[in-house]
Amino acid sequence: MTDFDLIRKNLFRKPLRTILLTVSIFMAFLIFGMLTSLNVALNQATESGSSAERLIVSNKINFTQPMPIAYVNRIAAIPGVTGVTHSSWFGAYYQDQRKSRFVGFAVDPETYMDLYANDVRLTDAERKSFIAERTGVIVGKALADQYGWKVGQTVPISSNIYVKADGRRSWDMKISGIFTGAKPTDSTTALYFHYDYINETTTFGRDQIGNVAVRTASPDLNDRVAKAIDATFANSPAETSTVDEKTFARAFLKQAGDLNFIVSMVVAAAFAAILMIVSTTLVSAMRERTKEIGVMKTLGFSSPRVLRMVLGEALMLSTLGAVLGLGVSAIVLKGLAKSPAGTQFGDLSLPPLVAVVGLLLALTLGLLTGAIPAVSALRMSIVDALNRR
Amino acid sequence: MGLMSQTRSVIAMNVRSIPQRLWMSLATVVSIALVVAVLLGFLSLANGFNQTLKGSGAADVAIVLREGSEAELNSTLSRDQVDLLAQGPGVRAGPDGRPMVSPELMLVVDGIKKSSRTKANMPLRGIGPNGLLVRKQAKIREGRMFSPGSNEIVVGAGLLREFEGFEMGKTVRFGAQTWRVVGVFEAPGTVFESELWADAPVVQSLFNRGTSFQTARVVLTSPAAMPAFVAYAKTEPRLQLKAQSEQAYFAAQAERSGLLIKYFGWPLGIMMAIGALAGALNTMYASVSNRAAEIATLRVIGFSGFSAFMGTMVEALVLSALGALLGVAICAVGFNGLSASTLGAGFTQVAFRIQIGPEIIGQAVTLALVIGLVGGIFPGWRAARQKPLLALAA
Chain A
33 MTDFDLIRKN
43 LFRKPLRTIL
53 LTVSIFMAFL
63 IFGMLTSLNV
73 ALNQATESGS
83 SAERLIVSNK
93 INFTQPMPIA
103 YVNRIAAIPG
113 VTGVTHSSWF
123 GAYYQDQRKS
133 RFVGFAVDPE
143 TYMDLYANDV
153 RLTDAERKSF
163 IAERTGVIVG
173 KALADQYGWK
183 VGQTVPISSN
193 IYVKADGRRS
203 WDMKISGIFT
213 GAKPTDSTTA
223 LYFHYDYINE
233 TTTFGRDQIG
243 NVAVRTASPD
253 LNDRVAKAID
263 ATFANSPAET
273 STVDEKTFAR
283 AFLKQAGDLN
293 FIVSMVVAAA
303 FAAILMIVST
313 TLVSAMRERT
323 KEIGVMKTLG
333 FSSPRVLRMV
343 LGEALMLSTL
353 GAVLGLGVSA
363 IVLKGLAKSP
373 AGTQFGDLSL
383 PPLVAVVGLL
393 LALTLGLLTG
403 AIPAVSALRM
413 SIVDALNRR
Chain B
-2 MGLMSQTRSV
8 IAMNVRSIPQ
18 RLWMSLATVV
28 SIALVVAVLL
38 GFLSLANGFN
48 QTLKGSGAAD
58 VAIVLREGSE
68 AELNSTLSRD
78 QVDLLAQGPG
88 VRAGPDGRPM
98 VSPELMLVVD
108 GIKKSSRTKA
118 NMPLRGIGPN
128 GLLVRKQAKI
138 REGRMFSPGS
148 NEIVVGAGLL
158 REFEGFEMGK
168 TVRFGAQTWR
178 VVGVFEAPGT
188 VFESELWADA
198 PVVQSLFNRG
208 TSFQTARVVL
218 TSPAAMPAFV
228 AYAKTEPRLQ
238 LKAQSEQAYF
248 AAQAERSGLL
258 IKYFGWPLGI
268 MMAIGALAGA
278 LNTMYASVSN
288 RAAEIATLRV
298 IGFSGFSAFM
308 GTMVEALVLS
318 ALGALLGVAI
328 CAVGFNGLSA
338 STLGAGFTQV
348 AFRIQIGPEI
358 IGQAVTLALV
368 IGLVGGIFPG
378 WRAARQKPLL
388 ALAA
């Protein structure tokens, strides 16, 4: 019988106790796996399509405040700028404002598809027809699937912001193409249409735009270009604030609240609980076995070997719970990724890094919970051990 | 000895023996406390936010938006429409004898949130002389109201807690304009506390809004006057606006914020509860096996199986009740009253205080007691069915 067999036999001598401990550890790792992965996915979904290479120019007061469309050409003339496009939030919805809201932007098609060629993937034919068709709209694949929209179909897209002269708030748009993202898992629940189409028919906000996206010759120029843009419009009625896209996206996510903080608090609470449960149970389990340890030592098991066996038992227990917990997290996340709510998160899966961190946590947990019983087993003299009841 | 007194003495014996299993019992108590603290943390976060929204709405104040607008931000009203609204049925007259109507503008400006040190959306509201009148809860706490026609702002106490740079006397810049903070107002437990207020005509001119407003708040003679006023706003051809009671407007927003608890708080609480339950079961099984000889002796001298069951059951419930108590205490001391803020339905930050309440304490304590109940039943069953002679022979 190897030491490993002994450890295994010891661990399952009271199967119910071991199963219950495994359930405790499993739950903690399930919470860890799910929450951390959701947090990672949320961060990625916010940043997906945003790159540190593009700059976003918005009104300095707040990104919901408009800027004159004339800014686009003035920004294009700034040295170091190689591409400029603009987009305006439309507050888009389809039929029911409460139930079918989605991301919709009025854009300049040609320049937009140039700057975001990688994030908004279309066939050449679709691209050409979108540019040519004034009432054209391109729809993300997920959105098109949701409403069963096909290329060539005309759909009424409403705005909770803009109004037409006749008081109506919906614009008929012809679907020119259905786009996919850079990765298959990228969220494609958005649509883009011609700014000009909206601008010539809206009753207000004419010749105003929301944000400008800027591509520079090299990321090294970003800081200088951003400063130059903001300086150009300083002391004008619409001053600007220019940051890279990633910074912009991160600041927006943080508006919801400190998610990282909440996630770490919950995970810490879950682990504090199992740390106590497992270590106290192991101490009491080891106490039951004091006599046996005395016998083992009498038979010539060295103290370090006894220590290794006790630690091994704790490590086996925590690894078992962790592997189960992380495994089930991965399965649940995969299931969630297919649900309607899950698609909002984009790439929903257990990232390898989370799995590695989880296993390291299991190792730490095993060592911590095994430490007290292991040391007491190490120190125990044969006489004391055999004397105990 | 009757069944009751038997049971009583076994329970006493069980509870008194808890210190013998001090560490495992303590681990059970603390793990249950952590379950309660996490669940209650989420519940009180949502509770605080909801209470703030609900506290903001009055039943006799109508909020008027453009038809089809869900939020103040994307609504528009003209000066003429505001005048027509003032002539509507059931509008209350103010101290000066004129209708209590407050036409307002709502803009989003950037502020730096203290907690994250990043930019976040703050509401800047342009109000007129009736702005304070239509909000009974609001009053100037420090300094004074802005003077009409000037670049002065007053700051809500909640916003002051959550954002930096808006203290009394400070100068703030929105784009190219500078404003001076001349007062702090409070409106405890309402969303208004998260706002900046300035003179409506100044906001109109500095933000190129012409003479248009976004919303109007109208005080009616009583909540009963609401339906008639709502109908007037909708059917009058020159209006065609959506009026609703402020109370209903904010209640709808609160409804949507319940998702956080539904999708995060409860699932997490239950997952942690299962983990803690496994710990509790272990502790109680250990208790039963520790006292095997004792239980057997009692059975031999005529104690019933029921009393053995109850002894274990009550021990488990005592541990879970202690855990619940500790968990509620952690929440009450650690979280209750803390200031937090999040992006509200109006696309701006809403500052609120985390708030524990009897109803949510009840929910969290119930979860703890369920852990105790389930954690006691199975070990109790084992205690009751233990073969007395077998246990004594061991």
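Chains as they are written, first to last, in this note's numbering: chain A, 33 to 421; chain B, -2 to 391. From the three backbone atoms N, C-alpha and C, an ideal C-beta is built for every residue, glycine too.
Asked: Counting only Cβ pairs nearer than 8 Å, list the residues of chain A close to Met281 (chain B).; Found: In chain order: nothing, as chain A lies at least about 10 Å away.
Asked: Which of the three DSSP states, helix, strand or coil, is assigned to Leu104 (chain B)?; Found: strand
Asked: Please report whether the beta-carbon of Ala326 (chain B) lies at a distance below 7 Å from any beta-carbon of chain A.; Found: no
Asked: So is Met1 (chain B) buried or exposed if we call it buried at 16+ other beta carbons inside 10 Å?; Found: exposed
Asked: So Ile137 (chain B) contacts chain A; which residues on that side make the cut at Cβ distance below 8 Å?; Found: Result: empty, since nearest Cβ-Cβ is about 25 Å, beyond 8 Å.
Asked: Could you work out which residue in B:Phe210, B:Ala9, B:Thr115 and B:Met21 is closest to Asp77 (chain B) when comparing CA atoms only?; Found: B:Phe210
Asked: So Gly357 (chain A) packs on Gly115 (chain A), CB below 8 Å; how close in whole Å?; Found: Contact doesn't hold; Cβ gap of about 47 Å is too wide.
Asked: What does Phe46 (chain B) touch in chain A if you count any residue whose Cβ is under 9 Å from its own?; Found: Going along chain A, no residue has its Cβ under 9 Å from Phe46 (chain B), so there is no contact; the nearest lies around 10 Å.
Asked: Would you say Leu52 (chain A) lies against chain B (beta-carbon separation less than 7 Å)?; Found: yes
Asked: Tell me the DSSP secondary structure of Asn243 (chain A) in three-state form.; Found: strand
Asked: Have a look at Pro234 (chain B) and Ile124 (chain B) and give me their C-alpha separation to the nearest angstrom.; Found: 26 Å
Asked: Can you list the alpha helix (DSSP H) stretches of 4 or more residues lying completely in the stretch 262 to 312 of chain B, in chain order?; Found: 263 to 287 and 289 to 297
Asked: How many angstroms separate the CA atom of Lys41 (chain A) from the CA atom of Lys116 (chain B)?; Found: 58 Å
Asked: Rounded to whole angstroms, what is the Cα-Cα separation between Gly369 (chain B) and Val310 (chain A)?; Found: 18 Å
Asked: Would you check if the distance between the CB atom of Ser208 (chain A) and the CB atom of Ile170 (chain A) is smaller than 7 Å?; Found: yes
Asked: Starting from Asp262 (chain A), trace the alpha helix (DSSP H) in both directions and tell me its first and last residue.; Found: Asn254 to Thr264
Asked: Taking the alpha helix (DSSP H) that Asn11 (chain B) falls in, what are its first and last residues?; Found: Leu0 to Arg13
Asked: Flag this pair as yes or no: are the beta carbons of Val79 (chain B) and Val215 (chain B) separated by less than 7 Å?; Found: no
Asked: In chain A, which residues lie less than 7 Å from Thr115 (chain B) when you measure between Cβ atoms?; Found: Ala283 and Lys286
Asked: For Ile60 (chain B) and Gln287 (chain A), what's the separation of their Cα atoms in angstroms?; Found: 26 Å
Asked: Out of B:Ile292, B:Pro355 and B:Ala361, which has the shortest C-alpha to C-alpha gap to Ser14 (chain B)?; Found: B:Ile292
Asked: Going by C-alpha to C-alpha distance, which of B:Asn127, B:Ala195 and B:Gly354 sits closest to Asp93 (chain B)?; Found: B:Asn127
Asked: Can you pull the chain B residues whose beta carbon is under 7 Å from the beta carbon of Leu62 (chain A), in chain order?; Found: Met268
Asked: Of all the residues that make up the stretch 103 to 114 of chain B, which are near chain A by a beta-carbon distance shorter than 8 Å?; Found: Leu104, Val105, Val106, Asp107, Lys110, Ser112 and Ser113
Asked: Please list the terminal residues of the continuous alpha helix (DSSP H) segment that includes Pro145 (chain B).; Found: Unbroken run through Pro145 (chain B): none, as it is neither H nor E.
Asked: Could you check if Gln185 (chain A) is buried or exposed, using at least 16 other CB atoms within 10 Å of its CB as the buried criterion?; Found: exposed
Asked: Please report how far the alpha carbon of Leu87 (chain A) lies from the alpha carbon of Thr274 (chain A), in whole angstroms.; Found: 7 Å
Asked: State the start and end residues of the unbroken beta strand (DSSP E) segment that holds Gln241 (chain B).; Found: Leu238 to Ser242
Asked: Between the alpha carbons of Arg130 (chain A) and Val27 (chain B), how many angstroms are there, rounded?; Found: 44 Å
Asked: For Trp203 (chain A), which beta-bridge partners are listed by DSSP?; Found: A:Ile189
Asked: Taking the continuous alpha helix (DSSP H) assigned at Gly398 (chain A), which residues delimit it?; Found: Pro384 to Arg411
Asked: For the alpha helix (DSSP H) containing Ala369 (chain A), name the first residue and the last one.; Found: Ser335 to Lys370
Asked: Where does Met145 (chain A) fall in DSSP's three states?; Found: helix
Asked: Is any beta-carbon of chain A found at less than 7 Å from that of Trp194 (chain B)?; Found: no
Asked: Using a Cβ-Cβ cut-off of 7 Å, state whether Val55 (chain A) counts as contacting chain B.; Found: yes
Asked: State buried or exposed for Pro466 (chain B), treating a residue as buried only when at least 16 other CB atoms are found within 10 Å of its CB.; Found: Here chain B has residues from -2 to 391 only, and residue 466 (chain B) is not among them.
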